[in-house]
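For the sequence shown, our numbering assigns the number 28 to the initial residue and increments by one for each residue that follows. Positions of the beta carbon are idealized from the N, C-alpha and C atoms, including for glycine. Everything numeric in this text was worked out from a predicted model, so none of it was measured.
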Amino acid sequence: MRPIMNDSPSSAASPLTRGDALILQTFGRLHRSALGVAVGSLSGLIVFSATVVLLLKGGPEIGPRLSLLGEYFIGYSVTWQGGIVGLLYGFVSGFLVGWTIAFLRNLFVSIYLHVLKFKANLSSADFLD
28 MRPIMNDSPS SAASPLTRGD ALILQTFGRL HRSALGVAVG SLSGLIVFSA
78 TVVLLLKGGP EIGPRLSLLG EYFIGYSVTW QGGIVGLLYG FVSGFLVGWT
128 IAFLRNLFVS IYLHVLKFKA NLSSADFLD
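Take a look at the structure:
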């Protein structure tokens, strides 16, 4: 296969073949921080939105089930201040979940590709020579 030069500075010494470039494009790495921020933002907004909806809805007892989040998120309650606390806790916990998912996905894909490359090298080796 014809070598393709990779633009990244870490691989300046090793050219990539077309097959390697295709595999890198197919199984590209997830950016851990980006996925963490995305999942964190979404989960923080979900907790905040649920709190706001219950506050606007009102009633004699506001959000008995949602107030159970206070057992996990210290300082959270179904109030406006609790909504801000829930937003922060939701972001932090969502960030950790997103970062961990990206890390584990990158790890397992890397292991899988190394195993495939090892098997390909074994199958192409001629042990009878």
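Nearest residue (CA-CA) to residue i, options the options
i, options, result
"Leu-57", "Ser-151, Leu-149, Lys-146 and Gly-125", "Gly-125"
"Leu-83", "Pro-91, Thr-106, Gln-52 and Phe-145", "Thr-106"
"Leu-96", "Ile-138, Pro-87, Leu-115 and Phe-145", "Leu-115"
"Val-64", "Gln-52, Leu-143, Val-119 and Glu-98", "Val-119"
Residues near residue i in its chain [Cβ-Cβ closer than 7 Å; skip 5 each side]
i, result
"Asn-133", "Arg-56 and Leu-57"
"Ile-31", "Any reading at Ile-31 needs caution, since the residue's pLDDT is 49, under 50, leaving its predicted position unreliable; the model's value is listed next. Here the set comprises Pro-42, Leu-43, Thr-44, Arg-45 and Ala-48."
"Ile-89", "Leu-81, Leu-82 and Val-105"
"Met-28", "With a pLDDT of 42 at Met-28, under the threshold of 50, the modelled position of that residue is not reliable, and no figure is offered here."
Short Cβ contact (8 Å threshold) for residue i with residue j
i, j, result
"Gly-121", "Val-66", "yes"
"Gly-117", "Gly-71", "yes"
Neighbourhood of residue i by C-beta distance below 6 Å, restricted to the same chain and skipping five residues each side
i, result
"Phe-130", "Arg-59"
"Asp-153", "none"
Distance between beta carbons of residue j and residue i, contact taken as under 8 Å
i, j, result
"Phe-75", "Gly-113", "6 Å"
"Ile-128", "Leu-69", "So it is not a contact: roughly 13 Å between Cβ atoms."
"Leu-149", "Ile-50", "About 18 Å separates the two Cβ atoms, so there is no contact after all."
Same chain, Cβ closer than 8 Å to residue i, five either side skipped, listed in chain order
i, result
"Leu-93", "Ala-77, Thr-78, Leu-81 and Val-105"
On the three-pair Cβ rule with 8 Å, is the region 91-104 touching the region 45-52? With a cut-off of 8 Å, the region 45-52 and the region 91-104 do not count as touching, because too few Cβ pairs lie within range.
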